[in-house]
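Visitor:
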Amino acid sequence: MAGEHKRTVLVVRGGWEGHVPVVATDLFVPFLEKNGFEVRLADSPAPYADPAFMSEIDLIVQCYTMGTIEQDQLKGLRAAIEAGTGMAGWHGGIADSYRNSSDYLHLIGGQFACHPGKHPDDEDAGTERHNFVPYTVNMLPEAATHPITQGIGDFDLVTEQYWVLADDYNDVLATTTQKVRPWDPWHREVTSPAIWTRRWGKGRIFVATPGHSLDVLQHDSVRTIIERGMLWASR
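Quick note on our numbering: the sequence shown kicks off at 4 and runs consecutively.
And the structure:
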């Protein structure tokens with residue numbers, strides 16, 4: 004993007020290796036570079052604690068499942084976002100990070116609770132595939148005109164369906180509904196946000212819950228939403 008100010012993105016990737024954080028984020032690095040970002044990589048949230056470094060960051064893309072965050076790192080992350088740095092991520096890399104920190108959960112607005120799997124006696128029991136179920140991502144009316152989701156309709160996936168604990172400060176663009184099956188202990192359907200944004204100070208936050216594996220990230224709708232979400236969140 005010649006003639007335009009070059010923005011800087013910090014890609015923080017690590018934590019639980021089941022979400023292949025390096026390979027997953029590498030899918031999006033060429034897109035970010037094509038859109039004028041200088042890409043900086045980190046394998047932990049340590050850079051969040053450096054105010055001078057974070058003042059130069061226009062966008063954080065985080066793919067860091069579980070793990071822990073230190074108080075100075077969290078303080079730096081929140082300060083950067085409040086000052087205008089954007090934050091974006093998908094699946095457990097943003098919605099299941101740093102379970103030790105309630106302040107982080109408050110910042111992001113949604114926390115992974117579970118991904119109910121197939122019947123307990125299914126042949127896939129005990130394997131990763133036991134958690135892969137068919138479900139629909141339902142776009143809300145607000146999604147029709149939002150720059151992240153405009154032109155994208157409901158779509159179906161077969162992967163982990165995130166049951167998310169969230170609050171109503173989120174601007175939800177899409178949801179997914181967990182059905183009640185004969186073996187489930189809950190008694191009514193539960194609808195969780197699947198794609199949402201959140202304003203924090205001068206910053207913008209984007210979250211998409213699909214993204215467990217590379218095939219999901221390469222789904223046309225999922226990839227388009229994540230790419231647009233990163234651009235939307237950036238300063």
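For glycine and all other residues, C-beta sits at the position ideal for the given N, C-alpha and C.
Looking at the secondary structure, which residues open and close the alpha helix (DSSP H) in which G112 lies?
Guide: It is not in any alpha helix (DSSP H) - G112 carries neither H nor E in the DSSP assignment.
Visitor: Under 8 angstroms between the Cβ atoms of L62 and R238?
Guide: Yes; because the gap between Cβ atoms is below 8 angstroms, this pair is in contact.
Visitor: Which residue or residues does DSSP assign as beta-bridge partners of R10?
Guide: Per DSSP, F40.
Visitor: With H, G and I counted as helix, E and B as strand and the rest as coil, what does DSSP make of T28?
Guide: Residue state, collapsed to three classes: helix.
Visitor: Can you tell me which of I60, R16 and G214 puts its alpha carbon nearest to the alpha carbon of K9?
Guide: For the residues I60, R16 and G214, the minimum Cα distance to K9 belongs to I60.
Visitor: Pick out the complete beta strand (DSSP E) segments inside the segment 175 to 219, 3 residues or longer, and give them in chain order.
Guide: List check, beta strand (DSSP E) in window: 193 to 203 and 206 to 211.
Visitor: Under three-state DSSP, which class holds P33?
Guide: P33 falls in the helix class under three-state DSSP.
Visitor: Should E163 go down as buried or exposed, given a rule of 16 or more other Cβ atoms within 10 Å for buried?
Guide: Buried, since its Cβ has 16 or more Cβ neighbours within 10 Å.
Visitor: When you compare the CB positions of W166 and H118, do they come within less than 8 angstroms of one another, or not?
Guide: Result yes, Cβ atoms of W166 and H118 sit closer than 8 angstroms.
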